[in-house]
Amino acid sequence: MLPAYCLACLLMAFATAARSQDAEMAADGAHLFPLTQTTLAGGAIAIAGPAGYCIDRQTWRDDGESGFVLIAPCTHTDGSDAREGAVAPLVVSVTVGPPGAAADLPEPAALAELAGMPLIAGQTRDGLVLVHLSDGGRSAIPDGDARHWRGAFLQKGHLLGLALYAPEGSALADAEGAAFLTALRARIEALNRSGPR
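Mind the numbering: the sequence shown is residues -17 to -1, 1 to 180 in mature numbering (1 follows the signal peptide of the UniProt record, and there is no 0), read in order.
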């Protein structure tokens, strides 16, 4: 089990990265072609979203050992107008902790407690911890649902944290959020089987 102080430090790092994500690059304002894949933690961990979702370049942070990025529909990250058949709106944060900071995954209740939000449900399956929280989602996106999902898993000695925020009433703020994070974790694992590209 992850010592409480290690998990608390890692969650604080996750929160700090999320709050400071737009300070330096927001002034740029350039709309670039969609970025479908990137690496974090000095190139150690490859990150990509499911089809139709892209990396938000302006949120990318990497200090060589850890990192942070947001994933959103490509129509939102490349500055284009919404297209017919666009994917469901959401924002997912991906935080990569420093190597060796966590040897074990937190229990769902511990993850919710350290996040400081009420737990609706939680589970650990195939190395992925998922928690459904009843609060905190509205502060992340405009017209967001209060409910949101968080996840954690280990990859190449790094603890990865995921947080999914969806619009009010979205199925992704409910049961479909767990399926989305499970698919995202599978995508990240597949990318990292033979190392980042």
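Where is the CB? At the ideal position from N, CA and C, for every residue including glycine.
Item	Value
Below 8 Å on the Cβ atoms is my contact criterion, and I expect A29 with T22 to pass it. Report the Cβ-Cβ distance as a whole number of Å.	5 Å
Would you list the residues sitting across from R37 in a DSSP beta bridge?	Before going on, a small fix: residue 37 reads as Cys here, not Arg. Looking at the DSSP assignment, C37 forms a beta bridge with A55.
Answer with buried or exposed for S153, where buried requires no fewer than 16 other C-beta atoms within 10 angstroms of its C-beta.	buried
Taking its Cβ as the centre, do 16 or more other Cβ atoms sit within 10 Å of A95, making it buried, or is it exposed?	buried
Please confirm if the region 112 to 130 is in contact with the region 144 to 163, defined as three or more CB-CB distances below 8 Å between the two stretches.	yes
What does the alpha-carbon distance come out to for the pair L142 and Q106?	17 Å
DSSP state of A93, grouped into three classes?	helix
State the start and end residues of the unbroken beta strand (DSSP E) segment that holds I30.	28 to 31
I need the straight-line Cα distance from R170 to R133, nearest angstrom please.	17 Å
Between G25 and E48, how many whole angstroms is the CB-CB distance? I'm expecting something under 8 Å.	6 Å
What's the call for D39, buried or exposed, on a 16-neighbour Cβ count within 10 Å?	buried
G160 to A104, Cα distance in whole Å?	12 Å
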